[in-house]
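Quick note: the sequence shown uses numbering that gives the first Met the number 0, first residue 0, plus one each step.
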Amino acid sequence: MQRVRKAVFPVGGLGTRFLPATKAMPKEMLPVVDRPLIQYAVDEAREAGIEQMIFVTGRGKSAIEDHFDIAYELQATMLSRGKSIEILEPTLLKPGAFAYVRQQEPMGLGHAVWCARDIVGDEPFAVLLADDLMVGQPGCLKQMIEAYEQVGGNVICAQEVPEEQAHQYGIITPGTRDGKLTEVKGLVEKPKPGTAPSNLSVIGRYILQPEVMRVLEKQEKGAGGEIQLTDAMATMIGSQPFHGLTFDGRRFDCGDKAGYIQANMALALERPDIAPAVKAFGDKLFCQS
Ligand code: UTP
Numbered sequence: 000m001q002r003v004r005k006a007v008f009p010v011g012g013l014g015t016r017f018l019p020a021t022k023a024m025p026k027e028m029l030p031v032v033d034r035p036l037i038q039y040a041v042d043e044a045r046e047a048g049i050e051q052m053i054f055v056t057g058r059g060k061s062a063i064e065d066h067f068d069i070a071y072e073l074q075a076t077m078l079s080r081g082k083s084i085e086i087l088e089p090t091l092l093k094p095g096a097f098a099y100v101r102q103q104e105p106m107g108l109g110h111a112v113w114c115a116r117d118i119v120g121d122e123p124f125a126v127l128l129a130d131d132l133m134v135g136q137p138g139c140l141k142q143m144i145e146a147y148e149q150v151g152g153n154v155i156c157a158q159e160v161p162e163e164q165a166h167q168y169g170i171i172t173p174g175t176r177d178g179k180l181t182e183v184k185g186l187v188e189k190p191k192p193g194t195a196p197s198n199l200s201v202i203g204r205y206i207l208q209p210e211v212m213r214v215l216e217k218q219e220k221g222a223g224g225e226i227q228l229t230d231a232m233a234t235m236i237g238s239q240p241f242h243g244l245t246f247d248g249r250r251f252d253c254g255d256k257a258g259y260i261q262a263n264m265a266l267a268l269e270r271p272d273i274a275p276a277v278k279a280f281g282d283k284l285f286c287q288s
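Now the structure itself:
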């Protein structure tokens, strides 16, 4: 079984649900407390042993490249003022351990992943959607890689969602269950209300075999007129092992305004430096309402 060494971060979407905030700033740079969403995803990948980070960017996304670059002026000024620059350490990636590829048009997640095909090459790889913020110990991708080492093939992150929300997600037709692992028998992207095969949804973490790139090459547009990763994955079911892993931890949908605010509240309350002030304010606010 080949080790998962590379991760793809599709960050080429338009982020229309967050306009006007995302007009000139990438959605993935929105901060939760004091770290941008993309930083959480990169840290999660690093923890899981990923060696090569591949960002699929688009127009107006250069802030992401700058975020993971050396900021000489900032560092020099901070040092000259006697301030520690340790806080910037996680933003520095190992030279040569990252690559950027441009998705010229936001044609969908499947298309974004396909844009990374040459850099991924012929080996299994991970995909992380930074707007799904996963909080767990160990992190979500690490849990998935541990599962992958047992079952091989393709492993996607699965989470139960309320039935009335199933039409917003990729939904799994479940086969046999073994603890946290569920065999994936089928996948459907955004099923029409009332037609979902289960309430087990696909969350933004994937371990995929390179064959998916060849499927994506010919993939037609699907739900929402976009080239869907779910449709390409569905084609591979039956020819390769395919499992969903129920992640042990919390997920915040930060592509959605309510989910994003919830993430900020939850993570702020876990930070000893600000938790007392935030909690006191929250208590006062909620008592009034
Ligand atoms: P979303 O559909 O949640 O992101 O895609 P979006 O299209 O940017 O957001 P809204 O719905 O307009 O608010 C999930 C992930 O896939 C990436 C996005 O950047 C996001 O991380 N994506 C999506 C691409 O990289 N390219 C695309 O063409 C579409």
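Heads up, the beta-carbon is just placed ideally off N, CA and C, and yes, glycines get one too.
Whole-angstrom C-beta distance between residue j and residue i, which should lie under 8 Å
i	j	result
residue 44	residue 125	7 Å
residue 181	residue 243	4 Å
residue 231	residue 215	5 Å
residue 130	residue 203	7 Å
residue 266	residue 31	6 Å
residue 9	residue 150	That belief does not hold up - the Cβ atoms of residue 9 and residue 150 are roughly 25 Å apart, past 8 Å.
residue 218	residue 152	Wrong, their Cβ atoms sit about 19 Å apart, outside the cutoff.
residue 190	residue 165	6 Å
residue 114	residue 134	So it is not a contact: roughly 29 Å between Cβ atoms.
residue 167	residue 246	That pair is no contact at about 18 Å.
Residue i vs residue j beta-carbon contact at 8 Å
i	j	result
residue 171	residue 207	no
residue 116	residue 212	yes
residue 41	residue 11	no
residue 110	residue 226	yes
residue 122	residue 209	yes
residue 35	residue 27	yes
residue 183	residue 236	yes
residue 75	residue 25	no
residue 141	residue 70	no
residue 49	residue 119	no
residue 23	residue 59	yes
residue 228	residue 108	yes
residue 259	residue 78	no
residue 132	residue 253	yes
residue 57	residue 102	yes
Reduced DSSP category for residue i - H, G, I as helix; E, B as strand; rest coil
i	result
residue 52	strand
residue 28	helix
residue 168	coil
residue 158	strand
residue 149	helix
residue 230	helix
residue 181	strand
residue 118	helix
residue 176	strand
residue 261	helix
residue 244	strand
residue 47	coil
residue 3	coil
residue 41	helix
residue 163	helix
residue 144	helix
residue 266	helix
residue 123	coil
Residue i CB to nearest heavy atom of the ligand UTP below 7 Å
i	result
residue 296	No information on residue 296 is available, as it lies outside the stretch 0 to 288 that the chain covers here.
residue 275	no
residue 15	yes
residue 290	With the chain covering only 0 through 288, there is no way to say anything about residue 290.
residue 102	yes
residue 73	no
residue 264	no
residue 9	yes
residue 129	yes
residue 219	no
residue 180	no
residue 26	yes
residue 35	no
residue 105	yes
residue 207	no
residue 140	no
residue 111	yes
residue 160	no
residue 108	yes
residue 254	yes
residue 12	yes
residue 55	yes
* **Whole runs of the beta strand (DSSP E) within the region 54 to 116, excluding any shorter than 3 residues** => 97 to 101
* Give, in chain order, every unbroken run of the beta strand (DSSP E) that is at least 3 residues long and sits entirely within the region 194 to 231. => 199 to 207
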